[in-house]
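Undergrad: Handing you a structure now.
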Amino acid sequence: MTKEQQNEFIKYVMLVDGWTKEIPLTFLLGFYVAMIVRRWWDCCQLISWPDHLLYNVSALIRGQDPETRIIRKTIARYAILTSVLAWRSISLRVLARYPTDDHLVDSGLMTKEEMVMFKSILVHVDPHQKWWVPLNWIQTMMVRCFEKGTLTHTNELRVLLDALEKYRNGFFQLFIYDWIAIPLVYTQVSTISVYGYFLFALIGRQYPSKNENEEIVDVYVPIFTILQFLFYVGWLKVGEDLMFPFGADDEDFEFNYILERNLEVSMLIVDDLHNQVPPVYVESLDDEIHLLHTSASSKLSNHPQRQHLRKLKFNVDAMQVQAVPGSGKMRDLMR
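Okay, so the sequence shown: first residue is 37 according to our numbering, each after it adds one.
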């Protein structure tokens, strides 16, 4: 390039570099990613765990007779069945594992008689969304336990129904998050802003041969621009990856593990650990408990709880009781 062309090019570089400063990229990305992370964390909090429901079932539906044990285990099985039916509508992992209702029968989550009853239920608005049916079966079983006398008080039935409702609400709210997605315009604006910013930066971040003091500038690698590219594009990719946490990628929710964990823990709660407690002896009252340290834990720093006013002392004059002028209450107290 000739000298005149270089000077003209520098003018365009300065002009385009000024344009990049007009794009509020930090604000746009901050708003976009913060909204997605908050949505992602809300979805994580809405994953339904059957522990609370089944702890109440084990505590209130008591008995070791075969009928009562079958009732508790059936309630636990229906709770896991609800998870599969609900999550396979939104999670690719669960859908790939249980693509049809026949897979539910093969895995033991549903009997053939239950399958016939399940398929006979007609839902005209959305015939594929019958995930709530096992919850209705659980509710009916709880009411029948109350009618038979297994549950001795209406408060016990109320506790079980409240726990069942809480378990159900997690699935329903996850469906809302899956149904109503983030408006596409948010993603489009953020993506166009990031790539548009660096498109202008290709020209605006080039170094002229001399600075304003006519000193020679010899910088070939725009280090700060490269760092900006890594930060902003990485920030954008974080939002894109967390936008849909129900897929099969490494950063998505591990619903298959959750199902396996919930099934094992559920059966332990309602059957194996039901009415099980270690023996308690009177001699245990005299036992002393000593919290021990290992060699590794004793070397760690310890920061006990301390209130910030624990060492604050007032002098004698400041602690003198003084009546407030015009206050009848203080004079009454000092009589």
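C-beta atoms are modelled at their ideal positions from N, C-alpha and C, and glycine is treated no differently.
Can you tell which of Thr188, Leu304, Phe211 has the C-alpha that lies nearest to the C-alpha of Arg108?
TA: Counting from 1 along the sequence shown, the entry for residue 108 is found at position 72. Looking at the Cα atoms, Leu304 is the closest of the given residues.
Undergrad: What is the DSSP secondary structure of Ser226, counted as helix, strand or coil?
TA: The residue given as residue 226 occupies position 190 in the sequence shown. Three-state result, Ser226: helix.
Undergrad: Cα-Cα, which of Arg297, Leu278, Tyr293, Thr110 is closest to Ala217?
TA: In the sequence shown, counting from the first residue as 1, residue 217 sits at position 181. The shortest Cα separation from Ala217 among Arg297, Leu278, Tyr293, Thr110 belongs to Leu278.
Undergrad: Using CA coordinates, which residue listed in Arg105, Leu89, Trp168 is at the minimum distance from Ser125?
TA: Indexing the sequence shown from 1 puts residue 125 at position 89. Nearest option by C-alpha distance: Trp168.
Undergrad: Quick one: Cα of Glu276 to Cα of Ile72, how far?
TA: Stepping through the sequence shown from its first residue, residue 276 is reached at position 240. Stepping through the sequence shown from its first residue, residue 72 is reached at position 36. Rounded to the nearest angstrom, the two C-alpha atoms are 8 Å apart.
Undergrad: Buried or exposed: where does Cys80 fall if 16 or more other Cβ atoms within 10 Å of its Cβ makes it buried?
TA: Counted from its first residue, the sequence shown places residue 80 at position 44. The residue is exposed, with fewer than 16 neighbouring Cβ atoms inside 10 Å.
Undergrad: Report buried or exposed for Trp215, applying the criterion of at least 16 other Cβ atoms within 10 angstroms of its Cβ.
TA: Your numbering for residue 215 matches position 179 in the sequence shown. Under this definition Trp215 is an exposed residue.
Undergrad: For Trp77, count the other beta carbons within 10 Å of its own beta carbon; 16 or more makes it buried, fewer makes it exposed. Which is it?
TA: By 1-based counting over the sequence shown, the position of residue 77 is 41. Counting Cβ neighbours within 10 Å, Trp77 comes out exposed, since fewer than 16 surround it.
Undergrad: Under a three-way DSSP split, which group does Asp288 fall into?
TA: Translated into the one-based positions of the sequence shown, residue 288 becomes position 252. Three-state result, Asp288: coil.
Undergrad: When you compare only the Cα positions, how much space is there between Glu183 and Tyr293?
TA: Walking along the sequence shown from the start, residue 183 turns up at place 147. Walking along the sequence shown from the start, residue 293 turns up at place 257. Going by the C-alpha atoms only, they are around 37 Å apart.
Undergrad: By Cβ distance below 7 Å, which residues in the same chain neighbour Arg129 in space, the five residues on each side in sequence not counted?
TA: Locating residue 129 in the sequence shown gives position 93, counting from the first residue. Cβ within range, chain order: Ala284, Phe291, Asn292.
Undergrad: What are the start and end residues of the alpha helix (DSSP H) that includes Phe374?
TA: No statement about residue 374 is possible, as the shown extent of the chain runs from 37 to 371 and does not include it.
Undergrad: Which value, in whole angstroms, describes the spacing of the CA atoms of Leu369 and Gln358?
TA: Position 333 of the sequence shown holds residue 369. Position 322 of the sequence shown holds residue 358. For Leu369, the pLDDT reaches just 42, beneath the cut-off of 50, and the residue's location in the model is therefore unreliable, although a value from the coordinates is still provided. Approximately 11 Å between the Cα atoms of the pair.
Undergrad: Buried or exposed: Thr56, going by 16 or more other Cβ atoms within 10 Å of its Cβ?
TA: The sequence position of residue 56 within the sequence shown is 20, counting from 1. When all chains shown are included, Thr56 counts as buried.
Undergrad: Check whether the region 85-94 and the region 189-207 touch, using three or more Cβ-Cβ pairs below 8 Å as the test.
TA: With the cut-off at 8 Å, the region 85-94 and the region 189-207 touch.
Undergrad: What's the C-alpha gap between Gly206 and Phe289?
TA: Within the sequence shown, numbered from 1, the residue matching residue 206 stands at position 170. Within the sequence shown, numbered from 1, the residue matching residue 289 stands at position 253. Cα-Cα distance, rounded: 15 Å.
Undergrad: How is Glu324 classed by DSSP in three states: helix, strand or coil?
TA: As a first step, residue 324 must be located in the sequence shown, where it is residue number 288. Coil at Glu324, not helix or strand.
Undergrad: Enumerated in chain order, which unbroken segments of the alpha helix (DSSP H) with a length of 4 residues or greater are wholly contained in the region 54-108?
TA: Fully enclosed alpha helix (DSSP H) runs of 4 or longer: 61-81, 87-96.
Undergrad: Hey, could you find the ends of the alpha helix (DSSP H) Tyr203 is sitting in?
TA: To locate residue 203, count along the sequence shown from 1; it is residue 167. Segment 190-215, the alpha helix (DSSP H) holding Tyr203.
Undergrad: Using the Cα positions of Gly185 and Phe67, report the straight-line distance between them to the nearest angstrom.
TA: Position 149 of the sequence shown, counting from 1, holds the residue named residue 185. Position 31 of the sequence shown, counting from 1, holds the residue named residue 67. The alpha-carbon atoms of Gly185 and Phe67 are separated by roughly 56 Å.
Undergrad: Is it buried or exposed, Asn338, if we count other Cβ atoms within 10 angstroms and call 16 or more buried?
TA: For the purposes of this step, residue 338 is taken as residue 302 along the sequence shown, with counting starting at 1. Result: exposed.
Undergrad: With a 10 Å radius around its C-beta and 16 neighbouring C-beta atoms as the bar for buried, classify Ala332 as buried or exposed.
TA: Position 296 of the sequence shown holds residue 332. Exposed.
Undergrad: My guess is that Ser226 and Leu272 are in contact by the Cβ rule of under 8 Å, so how many angstroms apart are they, rounded?
TA: Counted from its first residue, the sequence shown places residue 226 at position 190. Counted from its first residue, the sequence shown places residue 272 at position 236. That pair is a contact at about 6 Å.
Undergrad: Where Ser127 and Val301 are concerned, what is the direct C-alpha to C-alpha distance, given to the nearest angstrom?
TA: The sequence position of residue 127 within the sequence shown is 91, counting from 1. The sequence position of residue 301 within the sequence shown is 265, counting from 1. Their Cα atoms are separated by approximately 22 Å.
Undergrad: Buried or exposed: which applies to Tyr256, given that a residue is buried once 16 or more other Cβ atoms fall within 10 Å of its Cβ?
TA: Within the sequence shown, residue 256 is the residue found at index 220, counting from 1. Exposed is the call here.
Undergrad: Given a cut-off of 8 Å on the beta-carbon distance, is the pair Ile111 and Ile174 in contact?
TA: Here residue 111 refers to the residue found at position 75 of the sequence shown. Here residue 174 refers to the residue found at position 138 of the sequence shown. Against a cut-off of 8 Å, the Cβ pair of Ile174 and Ile111 comes out as a contact.
Undergrad: If you follow the alpha helix (DSSP H) that Ser127 is part of, which residue opens it and which one closes it?
TA: Sequence index remark: in the sequence shown, residue 127 carries index 91 (1-based). Ser127 -> no alpha helix (DSSP H), and no H or E assigned at all.
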